[in-house]
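Q:
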Amino acid sequence: MVEMYFDGDLDLIQDKTIAVIGFGNQGRAWATILRDYRLQVIVGNIRDSAYEEAIRAGFEVYSISEAAKKADIIALLIPDEVAPKVFYGEIEPYTRDKKHYVLVFASGYNVAYGFIEPPQNADTVMVAPRMIGAGILDLHKQGRGYPVLLGVARNVSGNAWGYARAIAKGIGAIGRPGGVAIESSFDEEALVDLLTEQTWSPLLIAAFIAYFEVVTEEFGVSPEVVILELYASGELAEVAKHMAELGLFEQLKLHSRTSQYGHLTRLKRYLTEDLKNKIRQAAKEIKSGEFAKEWALEQLIGLPTFKRLYRELAESRLAVVEKELYRVLGRR
């Protein structure tokens, strides 16, 4: 059974300066909750709107390099694709003389694929929320926790796991109802996170597109009706909420008997060996580093594939109808 933790010791980080690098969705949530726990928090950010927002929120805000100099704990909460450049340009040169510090990642990606090497003088830990920043803040207001994955890539002090659990508590994940920290690794987190983004999530979008094209083009259904049925009504979000609360199969009992019968009898049409092979292929590409190399090259040449695919979807009939429907509904 995997190790699970439900609390952490804030005394480990009580007297340490914590630099939140990046005041985006995760950074804003982490900084806010750490401060609510009366921990010493500063923010490091480039001079942009987020920098000004952090000042308005009452934080001490510095350049990234200055924050790194001041910090005992550095939480790197910026996008994966820019993190290596920022780390080696604005953090590593200003921390290499520290006897010891704690370097915290919210995902396993850069360490797993070698884009950032754990420093010799830093406990390098992962505290990876399974929750978006806005959701973390909402749960914090309710006094509730949420799941996080913990990992350690370098244990200089001998207490890196303790620091990871303390930070998990400091950001409101554990020590509260509903919170759990699960022992994992940078490699494991990177695999499951990327596999989600490359399998069931695009599969869901593909199913929506196929559904839309079939029933509008072959069965004459109004495209607006289809979009509302698929996701715009909010029913899908409610189903997902019940999956999280009750479980994947238990939530089926909240549907009509007709719905349950349709689910159960048609499930195997889609749960095929071909589907498993596609997931297996994606997992192998992720595990081998092939995807990470592909994505790094795409960024290096200016994101041509990324931009083309986005443009194709934005110009699709579904997207055009959705835009007009959302305008009428007052959502855009």
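In our numbering, the protein residues as written are 56 to 387. Where a beta carbon is used, it is the ideal one built from N, C-alpha and C, also for glycine. For clarity, every value in this text was computed on a predicted model and none was experimentally measured.
Return the Cβ separation of residue 297 and residue 212 in integer angstroms, given the expectation that the two are a contact with Cβ distance under 8 Å.
A: Taking the first residue of the sequence shown as 1, we reach residue 297 at position 242. Taking the first residue of the sequence shown as 1, we reach residue 212 at position 157. Not quite, the Cβ-Cβ distance comes to about 42 Å (not below 8 Å), so this is no contact.
Q: Report the three-state DSSP secondary structure of residue 370 (helix, strand or coil).
A: In the sequence shown, the residue the question calls residue 370 occupies position 315. Coil at residue 370, not helix or strand.
Q: Does DSSP classify residue 161 as helix, strand or coil?
A: For the purposes of this step, residue 161 is taken as the residue at position 106 of the sequence shown. Note: residue 161 maps to coil in three-state DSSP.
Q: Measuring CB atoms only, is the stretch 189 to 199 touching the stretch 159 to 178, in the sense that at least three cross pairs come out at less than 8 Å?
A: Taking 8 Å as the limit for Cβ pairs, the verdict is that the stretch 159 to 178 does not touch the stretch 189 to 199.
Q: Please state if the CB of residue 98 and the CB of residue 75 are separated by a distance shorter than 7 Å.
A: On the sequence shown, position 20 is the one that residue 75 refers to. On the sequence shown, position 43 is the one that residue 98 refers to. In this structure, residue 98 lies closer than 7 Å to residue 75 by Cβ.
Q: Can you tell me which of the three DSSP states residue 321 falls into?
A: Position 266 of the sequence shown, counting from 1, holds the residue named residue 321. Looking at residue 321 - three-state DSSP - the assignment turns out to be helix.
Q: Answer with buried or exposed for residue 69, where buried requires no fewer than 16 other C-beta atoms within 10 angstroms of its C-beta.
A: Within the sequence shown, residue 69 is the residue found at index 14, counting from 1. Counting Cβ neighbours within 10 Å, residue 69 comes out exposed, since fewer than 16 surround it.
Q: Using CA coordinates, which residue listed in 66, 95, 107, 92 is at the minimum distance from residue 79?
A: Taking the first residue of the sequence shown as 1, we reach residue 79 at position 24. Measuring from the Cα of residue 79, the nearest candidate turns out to be 107.
Q: Using alpha carbons as the reference points, say which of 232, 314, 139, 323 lies closest to residue 24.
A: The structure shown does not extend to residue 24, since the chain is modelled only from 56 to 387, so the question has no answer here.
Q: For residue 187, which of helix, strand or coil comes out of DSSP?
A: Start at 1 with the first residue of the sequence shown, and residue 187 comes out as number 132. DSSP places residue 187 in coil when its eight states are reduced to three.
Q: Relative to the C-alpha of residue 64, which candidate in 87, 230, 249 has its C-alpha closest?
A: Numbered from 1 along the sequence shown, position 9 holds the residue referred to as residue 64. It is 230.
Q: Pick helix, strand or coil for residue 92, following the three-state DSSP scheme.
A: Position 37 of the sequence shown holds residue 92. Coil at residue 92, not helix or strand.
Q: Tell me whether residue 185, by its Cβ, gets closer than 6 Å to a heavy atom of the ligand MG.
A: The ligand MG is not part of this structure, which contains no ligands at all.
Q: Reducing DSSP to helix, strand and coil, say where residue 179 ends up.
A: As a first step, residue 179 is located in the sequence shown; it is residue number 124 there, counting from the start. Strand.
Q: Where does residue 254 fall in DSSP's three states?
A: Stepping through the sequence shown from its first residue, residue 254 is reached at position 199. Residue state, collapsed to three classes: coil.
Q: Rounded to a whole number of angstroms, what is the C-alpha to C-alpha distance between residue 313 and residue 319?
A: Translated into the one-based positions of the sequence shown, residue 313 becomes position 258. Translated into the one-based positions of the sequence shown, residue 319 becomes position 264. Residue 313 and residue 319: Cα-Cα distance of roughly 10 Å.
Q: Is residue 184 closer than 7 Å to residue 203 when the C-beta atoms are compared?
A: Residue mapping note: residue 203 aligns to position 148 of the sequence shown, counting from 1. Residue mapping note: residue 184 aligns to position 129 of the sequence shown, counting from 1. Yes.
Q: Any C-beta of chain B sitting closer than 7 Å to the C-beta of residue 328?
A: No chain B is present in this structure, which holds just one protein chain.
Q: For residue 59, name the three-state secondary structure that DSSP assigns.
A: Here residue 59 refers to the residue found at position 4 when the sequence shown is read from its first residue. Residue state, collapsed to three classes: strand.
Q: Tell me which same chain residues have a C-beta within less than 7 Å of the C-beta of residue 221, skipping the five on either side of it?
A: The residue you call residue 221 lines up with position 166 of the sequence shown. The residues are 63, 64, 65, 67, 68.
Q: Which residue from 112, 71, 100 puts its Cα closest to that of residue 87?
A: Position 32 of the sequence shown, counted from the first residue, corresponds to residue 87. For the residues 112, 71, 100, the minimum Cα distance to residue 87 belongs to 112.
Q: According to DSSP, is residue 72 part of a helix, a strand, or is it coil?
A: Looking up residue 72 in the sequence shown gives position 17. The answer is strand: DSSP assigns residue 72 an E or B state.
Q: Would a C-beta distance cut-off of 7 Å place residue 188 and residue 132 closer than the cut-off?
A: As a working note, residue 188 is residue 133 in the sequence shown. As a working note, residue 132 is residue 77 in the sequence shown. Cβ distance not < 7 Å, so residue 188 and residue 132 don't count as in contact.
Q: Using DSSP's beta-bridge definition, name the partner residues of residue 244.
A: Walking along the sequence shown from the start, residue 244 turns up at place 189. None, per the DSSP bridge assignment.
Q: Nearest-angstrom Cα distance between residue 177 and residue 169?
A: By 1-based counting over the sequence shown, the position of residue 177 is 122. By 1-based counting over the sequence shown, the position of residue 169 is 114. Distance between the alpha carbons of residue 177 and residue 169: 16 Å.
Q: Measure the C-alpha to C-alpha separation of residue 235 and residue 322 and round it to an integer number of angstroms.
A: Position 180 of the sequence shown holds residue 235. Position 267 of the sequence shown holds residue 322. Residue 235 and residue 322: Cα-Cα distance of roughly 31 Å.
Q: Along the chain, where does the beta strand (DSSP E) containing residue 235 start, and where does it finish?
A: Residue mapping note: residue 235 aligns to position 180 of the sequence shown, counting from 1. Residues 235 to 238.
Q: Taking one C-beta from the stretch 272 to 280 and one from the stretch 364 to 378 each time, how about it: are there three or more such pairs within less than 8 Å?
A: Verdict: yes, contact present.
Q: What did DSSP end up calling residue 168 once you bin it into helix, strand or coil?
A: By one-based count along the sequence shown, residue 168 stands at place 113. Three-state result, residue 168: coil.
Q: Quick check: residue 109 and residue 166, are their CB atoms within less than 7 Å of each other?
A: Start at 1 with the first residue of the sequence shown, and residue 109 comes out as number 54. Start at 1 with the first residue of the sequence shown, and residue 166 comes out as number 111. No; because the gap between Cβ atoms is not below 7 Å, this pair is not in contact.
Q: Since residue 239 contacts residue 206 with CB under 8 Å, what's their CB separation in whole angstroms?
A: Here residue 239 corresponds to residue number 184 of the sequence shown, with the count starting at 1. Here residue 206 corresponds to residue number 151 of the sequence shown, with the count starting at 1. The pair is a contact, with the Cβ atoms about 5 Å apart (cut-off 8 Å).
Q: With residue 106 as the anchor, note down where its alpha helix (DSSP H) starts and where it stops.
A: Taking the first residue of the sequence shown as 1, we reach residue 106 at position 51. Note, residue 106: alpha helix (DSSP H), 104 to 111.
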